[in-house]
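Novice:
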Amino acid sequence: MTEGLELGLELNTSKCELFVFGGSHQDRVAIEQKVNVVCPGILLPSRSELYLLGAPLMEEGLEEALRAKTGPMKVVSKRLCLMHAHQALFLLKNCLCLPNLLYILRCSPVWKFLEVLKEFDEVVRSSLAETTNVQMSSEPWRQATLPVGLDGLGIRRTEEVAHPAFLASIHSVQQLVPSILPGADLDSETDLASTKWTFLTTADPPLPELRHQQRAWDLPLLKNSHDAIVSAASLNTKARLLAVSDKNSGSWLHALPASSLGNLLDDNTLRVSLGLRLGAKLSGPHVCRCGKMVDELGQHGLSCKNSGGRHSRHNALNESLRRALAAAQVPAILEPPGIFRADKRRPDGMSQVPWKNGKELVWDVTVVDTLAQMNVVDSSRRARSAAEEAEKRKKAKYVDNGQQFSFYPVVLETFGPWGPSATELFETVGKKMLEITGEDRSLQFFKQRMSIDIQRGNCFSVISTVKDQKGLDEAFFVLDVTKEKSIP
1 MTEGLELGLE LNTSKCELFV FGGSHQDRVA IEQKVNVVCP GILLPSRSEL YLLGAPLMEE
61 GLEEALRAKT GPMKVVSKRL CLMHAHQALF LLKNCLCLPN LLYILRCSPV WKFLEVLKEF
121 DEVVRSSLAE TTNVQMSSEP WRQATLPVGL DGLGIRRTEE VAHPAFLASI HSVQQLVPSI
181 LPGADLDSET DLASTKWTFL TTADPPLPEL RHQQRAWDLP LLKNSHDAIV SAASLNTKAR
241 LLAVSDKNSG SWLHALPASS LGNLLDDNTL RVSLGLRLGA KLSGPHVCRC GKMVDELGQH
301 GLSCKNSGGR HSRHNALNES LRRALAAAQV PAILEPPGIF RADKRRPDGM SQVPWKNGKE
361 LVWDVTVVDT LAQMNVVDSS RRARSAAEEA EKRKKAKYVD NGQQFSFYPV VLETFGPWGP
421 SATELFETVG KKMLEITGED RSLQFFKQRM SIDIQRGNCF SVISTVKDQK GLDEAFFVLD
481 VTKEKSIP
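For the sequence shown, the UniProt record's numbering gives the first residue as 1, with consecutive numbering after it.
This is the structure:
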(Lines of atoms letter the chains of each structure in order from A and count residues from 1; the text may use other names and numbers.)
(Lines give C-alpha, C1' and ligand atoms only; values in the text may rest on other atoms or scores of the structure.)
Protein backbone atom coordinates (compact mmCIF):
# COMPACT_ATOMS: atom_id res chain seq x y z
CA MET A 1 0.00 0.00 0.00
CA THR A 2 2.91 2.34 0.76
CA GLU A 3 4.43 1.69 -2.65
CA GLY A 4 1.05 2.35 -4.23
CA LEU A 5 0.85 5.76 -2.57
CA GLU A 6 4.24 6.65 -3.99
CA LEU A 7 2.84 5.91 -7.45
CA GLY A 8 -0.30 7.91 -6.79
CA LEU A 9 -2.49 4.86 -6.24
CA GLU A 10 -4.65 4.78 -3.15
CA LEU A 11 -6.70 1.76 -2.08
CA ASN A 12 -10.26 2.61 -1.06
CA THR A 13 -10.69 0.09 1.75
CA SER A 14 -14.36 0.99 2.25
CA LYS A 15 -15.05 -0.72 -1.08
CA CYS A 16 -12.95 -3.81 -0.33
CA GLU A 17 -14.17 -7.05 1.22
CA LEU A 18 -12.39 -9.71 3.28
CA PHE A 19 -13.60 -13.23 3.91
CA VAL A 20 -11.49 -15.88 5.62
CA PHE A 21 -12.02 -19.50 4.59
CA GLY A 22 -11.13 -22.44 6.84
CA GLY A 23 -9.60 -22.45 10.30
CA SER A 24 -11.35 -22.09 13.63
CA HIS A 25 -13.60 -19.18 14.53
CA GLN A 26 -10.91 -17.67 16.76
CA ASP A 27 -8.33 -17.85 13.97
CA ARG A 28 -10.67 -16.12 11.52
CA VAL A 29 -11.46 -13.35 14.00
CA ALA A 30 -7.77 -12.79 14.70
CA ILE A 31 -6.98 -12.50 10.99
CA GLU A 32 -9.85 -10.09 10.45
CA GLN A 33 -8.64 -7.88 13.30
CA LYS A 34 -5.09 -7.76 11.95
CA VAL A 35 -6.27 -6.87 8.45
CA ASN A 36 -8.60 -4.22 9.85
CA VAL A 37 -5.60 -2.49 11.44
CA VAL A 38 -3.82 -2.27 8.08
CA CYS A 39 -7.01 -1.59 6.08
CA PRO A 40 -9.39 0.33 8.33
CA GLY A 41 -13.01 0.24 7.20
CA ILE A 42 -12.66 -2.93 5.14
CA LEU A 43 -15.95 -4.81 4.77
CA LEU A 44 -16.33 -8.21 6.45
CA PRO A 45 -19.31 -9.94 4.81
CA SER A 46 -20.94 -13.02 6.29
CA ARG A 47 -21.29 -16.27 4.37
CA SER A 48 -24.76 -15.26 3.15
CA GLU A 49 -23.50 -11.85 2.01
CA LEU A 50 -20.51 -13.10 0.02
CA TYR A 51 -21.01 -12.39 -3.70
CA LEU A 52 -18.75 -12.55 -6.73
CA LEU A 53 -19.78 -10.76 -9.91
CA GLY A 54 -23.40 -10.66 -8.78
CA ALA A 55 -23.76 -14.33 -7.82
CA PRO A 56 -23.70 -15.68 -4.24
CA LEU A 57 -20.66 -17.84 -3.49
CA MET A 58 -22.22 -19.76 -0.60
CA GLU A 59 -25.46 -21.69 -0.46
CA GLU A 60 -26.41 -19.68 2.62
CA GLY A 61 -26.91 -16.65 0.38
CA LEU A 62 -28.92 -18.29 -2.38
CA GLU A 63 -32.35 -18.05 -0.79
CA GLU A 64 -31.91 -14.36 -0.03
CA ALA A 65 -30.62 -13.71 -3.56
CA LEU A 66 -33.66 -15.41 -5.09
CA ARG A 67 -36.10 -13.52 -2.90
CA ALA A 68 -34.33 -10.31 -3.88
CA LYS A 69 -35.38 -11.09 -7.46
CA THR A 70 -38.94 -12.04 -6.53
CA GLY A 71 -39.75 -8.76 -4.77
CA PRO A 72 -38.99 -6.44 -7.72
CA MET A 73 -40.79 -8.87 -10.03
CA LYS A 74 -44.00 -8.28 -8.07
CA VAL A 75 -43.60 -4.53 -8.53
CA VAL A 76 -42.89 -4.85 -12.25
CA SER A 77 -45.92 -7.11 -12.69
CA LYS A 78 -48.25 -4.34 -11.55
CA ARG A 79 -46.66 -1.89 -13.97
CA LEU A 80 -46.98 -4.26 -16.91
CA CYS A 81 -50.75 -3.84 -16.67
CA LEU A 82 -50.31 -0.20 -17.69
CA MET A 83 -48.98 -1.25 -21.11
CA HIS A 84 -50.54 -2.87 -24.14
CA ALA A 85 -50.99 -6.55 -23.30
CA HIS A 86 -48.98 -7.64 -26.34
CA GLN A 87 -46.02 -5.47 -25.38
CA ALA A 88 -46.27 -6.63 -21.76
CA LEU A 89 -46.22 -10.28 -22.88
CA PHE A 90 -43.16 -9.63 -25.05
CA LEU A 91 -41.26 -8.05 -22.15
CA LEU A 92 -42.34 -10.74 -19.71
CA LYS A 93 -41.24 -13.51 -22.07
CA ASN A 94 -37.94 -12.06 -23.27
CA CYS A 95 -36.71 -9.94 -20.36
CA LEU A 96 -38.42 -10.40 -17.03
CA CYS A 97 -38.95 -14.09 -16.27
CA LEU A 98 -36.18 -16.59 -17.05
CA PRO A 99 -33.63 -14.01 -18.34
CA ASN A 100 -33.91 -12.30 -14.97
CA LEU A 101 -32.60 -15.36 -13.13
CA LEU A 102 -30.57 -17.25 -15.72
CA TYR A 103 -27.21 -15.85 -14.57
CA ILE A 104 -27.74 -17.05 -10.99
CA LEU A 105 -29.12 -20.37 -12.23
CA ARG A 106 -25.89 -21.02 -14.13
CA CYS A 107 -23.52 -19.74 -11.44
CA SER A 108 -24.97 -21.35 -8.31
CA PRO A 109 -26.68 -24.62 -7.32
CA VAL A 110 -30.10 -22.98 -7.18
CA TRP A 111 -31.75 -26.32 -7.98
CA LYS A 112 -31.45 -27.10 -4.28
CA PHE A 113 -33.95 -24.30 -3.51
CA LEU A 114 -36.88 -25.25 -5.72
CA GLU A 115 -39.48 -23.95 -3.27
CA VAL A 116 -38.11 -20.43 -3.59
CA LEU A 117 -38.03 -20.78 -7.37
CA LYS A 118 -41.68 -21.85 -7.30
CA GLU A 119 -42.52 -18.58 -5.55
CA PHE A 120 -40.88 -16.65 -8.40
CA ASP A 121 -42.72 -18.76 -10.99
CA GLU A 122 -46.05 -18.11 -9.27
CA VAL A 123 -45.41 -14.37 -9.51
CA VAL A 124 -44.78 -14.79 -13.25
CA ARG A 125 -47.92 -16.90 -13.57
CA SER A 126 -50.14 -14.33 -11.88
CA SER A 127 -48.52 -11.54 -13.90
CA LEU A 128 -49.20 -13.39 -17.16
CA ALA A 129 -52.84 -13.93 -16.23
CA GLU A 130 -53.32 -10.32 -15.15
CA THR A 131 -51.67 -8.67 -18.15
CA THR A 132 -53.28 -10.89 -20.82
CA ASN A 133 -56.66 -11.43 -19.12
CA VAL A 134 -56.35 -15.19 -19.71
CA GLN A 135 -57.12 -17.57 -16.86
CA MET A 136 -53.91 -19.50 -16.16
CA SER A 137 -55.27 -22.69 -14.63
CA SER A 138 -53.00 -25.71 -14.32
CA GLU A 139 -53.25 -27.01 -17.91
CA PRO A 140 -52.87 -23.71 -19.81
CA TRP A 141 -50.04 -22.67 -17.48
CA ARG A 142 -48.19 -25.94 -17.93
CA GLN A 143 -48.41 -25.55 -21.71
CA ALA A 144 -47.43 -21.87 -21.58
CA THR A 145 -44.15 -22.75 -19.86
CA LEU A 146 -43.01 -24.89 -22.79
CA PRO A 147 -40.96 -23.39 -25.65
CA VAL A 148 -42.84 -21.96 -28.62
CA GLY A 149 -41.70 -24.90 -30.76
CA LEU A 150 -43.36 -27.31 -28.31
CA ASP A 151 -46.78 -25.57 -28.35
CA GLY A 152 -45.97 -23.19 -25.49
CA LEU A 153 -45.35 -19.46 -25.08
CA GLY A 154 -41.67 -19.71 -24.16
CA ILE A 155 -42.22 -18.44 -20.60
CA ARG A 156 -40.07 -21.09 -18.97
CA ARG A 157 -40.41 -22.05 -15.32
CA THR A 158 -37.18 -21.40 -13.46
CA GLU A 159 -37.58 -24.56 -11.39
CA GLU A 160 -37.43 -26.60 -14.62
CA VAL A 161 -34.41 -24.76 -16.03
CA ALA A 162 -32.39 -24.82 -12.79
CA HIS A 163 -30.88 -28.27 -13.38
CA PRO A 164 -29.99 -27.89 -17.08
CA ALA A 165 -28.53 -24.41 -16.55
CA PHE A 166 -26.28 -25.46 -13.66
CA LEU A 167 -25.12 -28.72 -15.25
CA ALA A 168 -24.26 -27.06 -18.57
CA SER A 169 -22.38 -24.29 -16.80
CA ILE A 170 -20.36 -26.53 -14.49
CA HIS A 171 -19.36 -28.84 -17.36
CA SER A 172 -18.24 -25.88 -19.47
CA VAL A 173 -15.69 -24.79 -16.82
CA GLN A 174 -14.38 -28.18 -15.71
CA GLN A 175 -11.05 -27.52 -17.43
CA LEU A 176 -10.76 -23.84 -16.51
CA VAL A 177 -11.54 -23.87 -12.77
CA PRO A 178 -8.79 -26.37 -11.73
CA SER A 179 -6.20 -24.25 -13.53
CA ILE A 180 -7.24 -21.24 -11.42
CA LEU A 181 -8.09 -23.06 -8.17
CA PRO A 182 -6.20 -26.38 -8.08
CA GLY A 183 -7.97 -27.46 -4.90
CA ALA A 184 -11.49 -26.88 -6.19
CA ASP A 185 -13.78 -29.91 -6.06
CA LEU A 186 -16.34 -29.78 -8.86
CA ASP A 187 -16.95 -33.51 -9.12
CA SER A 188 -19.09 -33.79 -6.00
CA GLU A 189 -21.44 -30.99 -7.08
CA THR A 190 -21.56 -32.33 -10.62
CA ASP A 191 -22.39 -35.87 -9.50
CA LEU A 192 -25.08 -34.66 -7.12
CA ALA A 193 -26.80 -32.53 -9.77
CA SER A 194 -26.47 -35.25 -12.42
CA THR A 195 -28.04 -37.84 -10.12
CA LYS A 196 -31.00 -35.57 -9.45
CA TRP A 197 -31.38 -34.83 -13.17
CA THR A 198 -31.35 -38.56 -14.01
CA PHE A 199 -34.05 -39.15 -11.40
CA LEU A 200 -36.27 -36.47 -12.95
CA THR A 201 -35.80 -37.51 -16.58
CA THR A 202 -35.15 -41.28 -16.32
CA ALA A 203 -32.69 -40.69 -19.17
CA ASP A 204 -28.97 -41.13 -19.63
CA PRO A 205 -26.76 -38.02 -19.41
CA PRO A 206 -25.83 -36.39 -22.73
CA LEU A 207 -22.69 -37.40 -24.57
CA PRO A 208 -19.51 -35.92 -23.04
CA GLU A 209 -18.98 -33.55 -25.98
CA LEU A 210 -22.53 -32.15 -25.53
CA ARG A 211 -22.61 -31.72 -21.77
CA HIS A 212 -21.61 -28.07 -21.92
CA GLN A 213 -24.79 -27.29 -23.88
CA GLN A 214 -27.82 -26.33 -21.82
CA ARG A 215 -30.10 -27.56 -24.58
CA ALA A 216 -28.76 -31.11 -24.24
CA TRP A 217 -29.79 -31.23 -20.57
CA ASP A 218 -33.05 -29.36 -21.16
CA LEU A 219 -34.60 -31.40 -23.98
CA PRO A 220 -35.30 -34.60 -21.96
CA LEU A 221 -37.12 -32.56 -19.31
CA LEU A 222 -39.13 -30.76 -21.98
CA LYS A 223 -39.99 -34.02 -23.70
CA ASN A 224 -41.34 -35.47 -20.45
CA SER A 225 -43.50 -32.39 -19.82
CA HIS A 226 -44.81 -32.32 -23.39
CA ASP A 227 -45.54 -36.06 -23.46
CA ALA A 228 -47.43 -35.78 -20.18
CA ILE A 229 -49.70 -33.12 -21.67
CA VAL A 230 -50.32 -35.03 -24.91
CA SER A 231 -50.94 -38.39 -23.23
CA ALA A 232 -53.78 -36.98 -21.15
CA ALA A 233 -55.31 -34.97 -24.01
CA SER A 234 -58.62 -35.55 -25.76
CA LEU A 235 -58.96 -35.89 -29.53
CA ASN A 236 -59.68 -32.19 -29.94
CA THR A 237 -56.82 -31.20 -27.67
CA LYS A 238 -54.33 -33.47 -29.45
CA ALA A 239 -55.22 -31.87 -32.76
CA ARG A 240 -54.71 -28.42 -31.25
CA LEU A 241 -51.39 -29.35 -29.65
CA LEU A 242 -50.02 -30.86 -32.86
CA ALA A 243 -51.07 -27.79 -34.84
CA VAL A 244 -49.57 -25.20 -32.50
CA SER A 245 -46.34 -27.24 -32.34
CA ASP A 246 -45.80 -26.64 -36.06
CA LYS A 247 -42.77 -24.46 -36.77
CA ASN A 248 -44.88 -21.72 -38.38
CA SER A 249 -47.70 -21.62 -35.84
CA GLY A 250 -45.87 -19.54 -33.25
CA SER A 251 -44.33 -16.96 -35.59
CA TRP A 252 -46.57 -14.22 -34.21
CA LEU A 253 -45.12 -14.76 -30.73
CA HIS A 254 -41.68 -13.74 -32.02
CA ALA A 255 -42.87 -10.55 -33.72
CA LEU A 256 -41.85 -7.20 -32.26
CA PRO A 257 -45.14 -5.70 -30.98
CA ALA A 258 -44.82 -2.26 -32.57
CA SER A 259 -47.81 -0.43 -34.03
CA SER A 260 -45.57 1.25 -36.61
CA LEU A 261 -44.82 -2.20 -38.04
CA GLY A 262 -48.43 -3.33 -37.97
CA ASN A 263 -47.53 -6.12 -35.56
CA LEU A 264 -49.21 -4.86 -32.39
CA LEU A 265 -52.24 -6.95 -31.45
CA ASP A 266 -54.95 -5.22 -29.47
CA ASP A 267 -55.66 -6.60 -26.02
CA ASN A 268 -58.74 -8.56 -27.07
CA THR A 269 -57.02 -10.15 -30.07
CA LEU A 270 -54.09 -11.18 -27.90
CA ARG A 271 -56.44 -12.68 -25.31
CA VAL A 272 -58.25 -14.76 -27.92
CA SER A 273 -55.00 -15.81 -29.62
CA LEU A 274 -53.50 -17.02 -26.35
CA GLY A 275 -56.72 -18.71 -25.31
CA LEU A 276 -56.95 -20.64 -28.57
CA ARG A 277 -53.30 -21.67 -28.43
CA LEU A 278 -53.41 -22.78 -24.79
CA GLY A 279 -56.95 -24.14 -24.70
CA ALA A 280 -57.93 -21.62 -22.03
CA LYS A 281 -61.39 -20.28 -21.28
CA LEU A 282 -62.41 -17.51 -23.69
CA SER A 283 -66.06 -16.87 -22.89
CA GLY A 284 -69.10 -18.18 -21.12
CA PRO A 285 -71.25 -20.78 -22.91
CA HIS A 286 -73.70 -19.12 -25.29
CA VAL A 287 -75.73 -19.69 -28.45
CA CYS A 288 -74.04 -18.69 -31.69
CA ARG A 289 -75.83 -16.66 -34.35
CA CYS A 290 -76.08 -19.87 -36.38
CA GLY A 291 -78.04 -21.52 -33.55
CA LYS A 292 -75.35 -23.88 -32.26
CA MET A 293 -73.96 -23.87 -28.74
CA VAL A 294 -70.55 -22.32 -28.15
CA ASP A 295 -68.56 -23.69 -25.22
CA GLU A 296 -66.14 -21.78 -23.02
CA LEU A 297 -63.21 -22.53 -25.36
CA GLY A 298 -64.86 -20.50 -28.13
CA GLN A 299 -63.50 -22.69 -30.94
CA HIS A 300 -66.82 -22.99 -32.76
CA GLY A 301 -66.41 -19.55 -34.32
CA LEU A 302 -63.42 -20.70 -36.36
CA SER A 303 -65.56 -23.09 -38.42
CA CYS A 304 -68.98 -21.43 -38.15
CA LYS A 305 -70.71 -20.79 -41.48
CA ASN A 306 -71.56 -17.29 -40.23
CA SER A 307 -67.98 -16.54 -39.21
CA GLY A 308 -67.43 -12.80 -39.20
CA GLY A 309 -63.66 -12.89 -39.51
CA ARG A 310 -63.39 -14.95 -42.65
CA HIS A 311 -63.48 -12.12 -45.21
CA SER A 312 -61.27 -9.69 -43.30
CA ARG A 313 -58.68 -12.42 -42.69
CA HIS A 314 -58.79 -13.45 -46.35
CA ASN A 315 -58.25 -9.88 -47.55
CA ALA A 316 -55.45 -9.25 -45.04
CA LEU A 317 -53.53 -12.38 -46.06
CA ASN A 318 -53.79 -11.55 -49.74
CA GLU A 319 -52.68 -7.97 -49.17
CA SER A 320 -49.69 -9.09 -47.08
CA LEU A 321 -48.66 -11.53 -49.81
CA ARG A 322 -49.06 -8.88 -52.52
CA ARG A 323 -46.91 -6.43 -50.54
CA ALA A 324 -44.25 -9.09 -49.96
CA LEU A 325 -44.14 -9.75 -53.70
CA ALA A 326 -43.81 -6.01 -54.31
CA ALA A 327 -40.86 -5.93 -51.89
CA ALA A 328 -39.32 -8.71 -53.99
CA GLN A 329 -39.88 -6.57 -57.12
CA VAL A 330 -42.63 -8.87 -58.38
CA PRO A 331 -45.64 -6.59 -58.98
CA ALA A 332 -48.98 -8.31 -58.57
CA ILE A 333 -52.68 -7.49 -58.61
CA LEU A 334 -55.51 -8.91 -56.53
CA GLU A 335 -58.56 -10.63 -58.00
CA PRO A 336 -57.51 -10.30 -61.65
CA PRO A 337 -60.55 -10.41 -63.97
CA GLY A 338 -60.90 -12.38 -67.17
CA ILE A 339 -58.38 -15.16 -66.53
CA PHE A 340 -60.85 -18.04 -66.78
CA ARG A 341 -63.49 -16.84 -69.19
CA ALA A 342 -65.40 -20.10 -69.41
CA ASP A 343 -66.64 -20.33 -65.81
CA LYS A 344 -65.56 -16.90 -64.51
CA ARG A 345 -63.32 -18.34 -61.79
CA ARG A 346 -61.21 -15.62 -60.27
CA PRO A 347 -58.08 -16.44 -58.22
CA ASP A 348 -57.02 -14.16 -55.41
CA GLY A 349 -53.95 -12.75 -57.10
CA MET A 350 -51.63 -12.83 -60.08
CA SER A 351 -48.17 -11.48 -60.73
CA GLN A 352 -47.72 -9.05 -63.60
CA VAL A 353 -44.32 -10.43 -64.55
CA PRO A 354 -43.24 -14.05 -65.12
CA TRP A 355 -42.61 -16.00 -61.93
CA LYS A 356 -41.32 -19.39 -63.04
CA ASN A 357 -40.63 -20.97 -66.43
CA GLY A 358 -41.86 -17.79 -68.11
CA LYS A 359 -45.32 -18.12 -66.49
CA GLU A 360 -47.08 -15.63 -64.25
CA LEU A 361 -47.75 -16.53 -60.65
CA VAL A 362 -51.39 -17.18 -59.75
CA TRP A 363 -52.44 -17.90 -56.18
CA ASP A 364 -55.60 -18.57 -54.25
CA VAL A 365 -55.74 -18.28 -50.45
CA THR A 366 -57.80 -20.59 -48.26
CA VAL A 367 -57.86 -20.82 -44.46
CA VAL A 368 -59.25 -24.07 -43.05
CA ASP A 369 -60.12 -24.76 -39.45
CA THR A 370 -57.83 -27.32 -37.83
CA LEU A 371 -60.56 -28.43 -35.43
CA ALA A 372 -63.49 -28.54 -37.85
CA GLN A 373 -65.51 -31.73 -37.62
CA MET A 374 -64.21 -32.98 -40.99
CA ASN A 375 -60.57 -32.28 -40.05
CA VAL A 376 -60.16 -32.98 -36.35
CA VAL A 377 -59.58 -36.75 -36.59
CA ASP A 378 -56.74 -36.45 -39.11
CA SER A 379 -55.38 -33.36 -37.36
CA SER A 380 -55.10 -35.31 -34.12
CA ARG A 381 -52.80 -37.79 -35.87
CA ARG A 382 -50.67 -35.54 -38.05
CA ALA A 383 -50.07 -31.80 -38.16
CA ARG A 384 -50.89 -29.93 -41.41
CA SER A 385 -53.23 -32.70 -42.59
CA ALA A 386 -56.18 -30.28 -42.93
CA ALA A 387 -54.08 -27.90 -45.04
CA GLU A 388 -52.82 -30.72 -47.24
CA GLU A 389 -56.33 -32.01 -47.97
CA ALA A 390 -57.63 -28.51 -48.73
CA GLU A 391 -54.66 -27.97 -51.03
CA LYS A 392 -55.58 -31.07 -53.03
CA ARG A 393 -59.14 -29.77 -53.45
CA LYS A 394 -57.87 -26.37 -54.54
CA LYS A 395 -55.52 -27.91 -57.12
CA ALA A 396 -58.39 -29.97 -58.51
CA LYS A 397 -60.42 -26.79 -58.91
CA TYR A 398 -57.68 -25.11 -60.96
CA VAL A 399 -56.36 -28.25 -62.66
CA ASP A 400 -56.68 -26.76 -66.15
CA ASN A 401 -54.40 -23.74 -65.66
CA GLY A 402 -51.05 -25.54 -65.44
CA GLN A 403 -50.13 -24.78 -69.04
CA GLN A 404 -50.78 -21.05 -68.77
CA PHE A 405 -49.86 -20.06 -65.20
CA SER A 406 -47.72 -21.15 -62.28
CA PHE A 407 -50.50 -21.86 -59.76
CA TYR A 408 -49.99 -22.02 -55.99
CA PRO A 409 -52.84 -22.93 -53.63
CA VAL A 410 -52.01 -20.97 -50.46
CA VAL A 411 -53.70 -23.03 -47.75
CA LEU A 412 -53.26 -22.09 -44.09
CA GLU A 413 -54.87 -23.46 -40.94
CA THR A 414 -56.53 -21.44 -38.21
CA PHE A 415 -54.04 -22.77 -35.65
CA GLY A 416 -51.03 -21.92 -37.78
CA PRO A 417 -49.73 -24.76 -40.00
CA TRP A 418 -49.18 -24.15 -43.72
CA GLY A 419 -49.74 -26.42 -46.66
CA PRO A 420 -46.77 -27.60 -48.79
CA SER A 421 -47.45 -25.16 -51.66
CA ALA A 422 -47.84 -22.21 -49.29
CA THR A 423 -44.56 -23.12 -47.61
CA GLU A 424 -42.77 -23.35 -50.95
CA LEU A 425 -44.21 -20.04 -52.17
CA PHE A 426 -43.48 -18.13 -48.95
CA GLU A 427 -39.91 -19.38 -48.75
CA THR A 428 -39.31 -18.42 -52.37
CA VAL A 429 -40.75 -14.95 -51.75
CA GLY A 430 -38.53 -14.65 -48.68
CA LYS A 431 -35.43 -15.51 -50.70
CA LYS A 432 -36.33 -12.97 -53.37
CA MET A 433 -36.84 -10.30 -50.71
CA LEU A 434 -33.43 -11.16 -49.28
CA GLU A 435 -31.84 -10.72 -52.70
CA ILE A 436 -33.43 -7.31 -53.17
CA THR A 437 -33.24 -5.86 -49.65
CA GLY A 438 -30.21 -7.66 -48.22
CA GLU A 439 -32.18 -8.24 -45.00
CA ASP A 440 -31.45 -11.73 -43.66
CA ARG A 441 -34.67 -11.73 -41.64
CA SER A 442 -36.97 -11.02 -44.59
CA LEU A 443 -38.60 -14.45 -44.52
CA GLN A 444 -38.90 -14.32 -40.74
CA PHE A 445 -40.69 -10.95 -40.87
CA PHE A 446 -42.98 -12.17 -43.64
CA LYS A 447 -43.93 -15.27 -41.65
CA GLN A 448 -44.68 -13.13 -38.62
CA ARG A 449 -46.97 -10.86 -40.61
CA MET A 450 -48.95 -13.75 -42.09
CA SER A 451 -49.24 -15.35 -38.67
CA ILE A 452 -50.50 -12.09 -37.16
CA ASP A 453 -53.13 -11.77 -39.91
CA ILE A 454 -54.41 -15.22 -38.96
CA GLN A 455 -54.64 -14.28 -35.28
CA ARG A 456 -56.66 -11.16 -36.05
CA GLY A 457 -59.06 -13.13 -38.22
CA ASN A 458 -59.41 -15.81 -35.55
CA CYS A 459 -60.30 -13.19 -32.95
CA PHE A 460 -62.99 -11.67 -35.16
CA SER A 461 -64.41 -15.13 -35.84
CA VAL A 462 -64.60 -16.02 -32.15
CA ILE A 463 -66.09 -12.70 -31.08
CA SER A 464 -68.67 -12.71 -33.88
CA THR A 465 -70.44 -15.75 -32.40
CA VAL A 466 -72.12 -13.39 -29.94
CA LYS A 467 -75.48 -12.30 -31.35
CA ASP A 468 -75.78 -8.71 -30.12
CA GLN A 469 -72.62 -6.68 -30.60
CA LYS A 470 -74.15 -3.26 -31.17
CA GLY A 471 -71.91 -0.64 -29.63
CA LEU A 472 -71.82 3.10 -29.24
CA ASP A 473 -70.39 3.74 -32.69
CA GLU A 474 -72.66 6.72 -33.21
CA ALA A 475 -71.06 8.40 -30.20
CA PHE A 476 -67.72 8.52 -31.99
CA PHE A 477 -68.97 10.53 -34.97
CA VAL A 478 -69.20 14.30 -35.01
CA LEU A 479 -70.90 16.55 -37.49
CA ASP A 480 -68.75 18.81 -39.63
CA VAL A 481 -71.03 21.84 -39.77
CA THR A 482 -69.12 23.48 -42.62
CA LYS A 483 -69.45 20.45 -44.88
CA GLU A 484 -72.73 19.15 -43.42
CA LYS A 485 -71.51 15.58 -43.14
CA SER A 486 -70.39 13.27 -40.35
CA ILE A 487 -66.72 12.46 -39.97
CA PRO A 488 -65.10 9.77 -37.80
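C-beta atoms are modelled at their ideal positions from N, C-alpha and C, and glycine is treated no differently.
1) Quick check: what's the CA-CA separation for Leu92 versus Leu98?
2) Which residue marks the beginning of the beta strand (DSSP E) containing Lys281, and which one marks its end?
3) Which two residues bound the contiguous beta strand (DSSP E) that contains Phe407?
4) Which residues mark the beginning and the end of the alpha helix (DSSP H) in which Leu361 is found?
5) How about the stretch 300-307 and the stretch 397-409: do they share at least three Cβ pairs that are nearer than 8 angstroms?
6) Among Ser179, Cys95, Lys392 and Asp267, which residue has its Cα nearest to the Cα of Ala422?
7) Rounded to whole angstroms, what is the Cα-Cα separation between Glu335 and Met350?
8) Can you list the alpha helix (DSSP H) stretches of 4 or more residues lying completely in the stretch 231-279, in chain order?
9) Taking just the CA atoms, how far does Val123 sit from Lys292?
10) Just how far apart, CA to CA, sit Leu11 and Ile104?
11) Cα separation between Phe120 and Lys432?
12) Please classify Ser351: does DSSP put it in a helix, a strand, or coil?
13) Can you tell me where the beta strand (DSSP E) holding Leu334 begins and where it ends?
14) Leaving out five residues on either side along the sequence, give the residues of the same chain with a beta carbon under 7 angstroms from the beta carbon of Ser320.
15) Please name the residue in Trp252, Phe415 and Ala280 whose C-alpha comes closest to that of Lys447.
16) Mind reading off the beta-carbon distance from Ala165 to Arg106? Whole number of angstroms is fine, and I expect it under 8 angstroms.
17) Under 8 angstroms: do the stretch 22-41 and the stretch 73-85 share three or more Cβ pairs, one atom per stretch?
18) From Gly416 to Val110, what does the alpha carbon distance come to, in whole angstroms?
19) Using 8 angstroms for Cβ pairs, my map puts Val272 next to Asn458. What's the rounded Cβ distance?
20) Answer yes or no: do Trp418 and Asn248 have a C-beta to C-beta separation smaller than 8 angstroms?
21) Using the C-alpha atoms, what's the distance from Leu317 back to Leu361?
22) State the CB to CB distance for the pair Leu57 and Tyr51, rounded to an integer number of angstroms; the pair is presumed to be in contact (CB under 8 angstroms).
Specialist: Considering the structure as presented:
1) 9 angstroms
2) Element bounds for Lys281: n/a, residue is neither H nor E.
3) Phe405 to Glu413
4) No alpha helix (DSSP H) contains Leu361, which is instead part of the beta strand (DSSP E) from Lys359 to Val368.
5) no
6) Lys392
7) 8 angstroms
8) 235-244 and 267-278
9) 39 angstroms
10) 30 angstroms
11) 45 angstroms
12) strand
13) Ala332 to Leu334
14) Arg449, Met450 and Asp453
15) Trp252
16) 5 angstroms
17) no
18) 37 angstroms
19) 6 angstroms
20) yes
21) 16 angstroms
22) 7 angstroms
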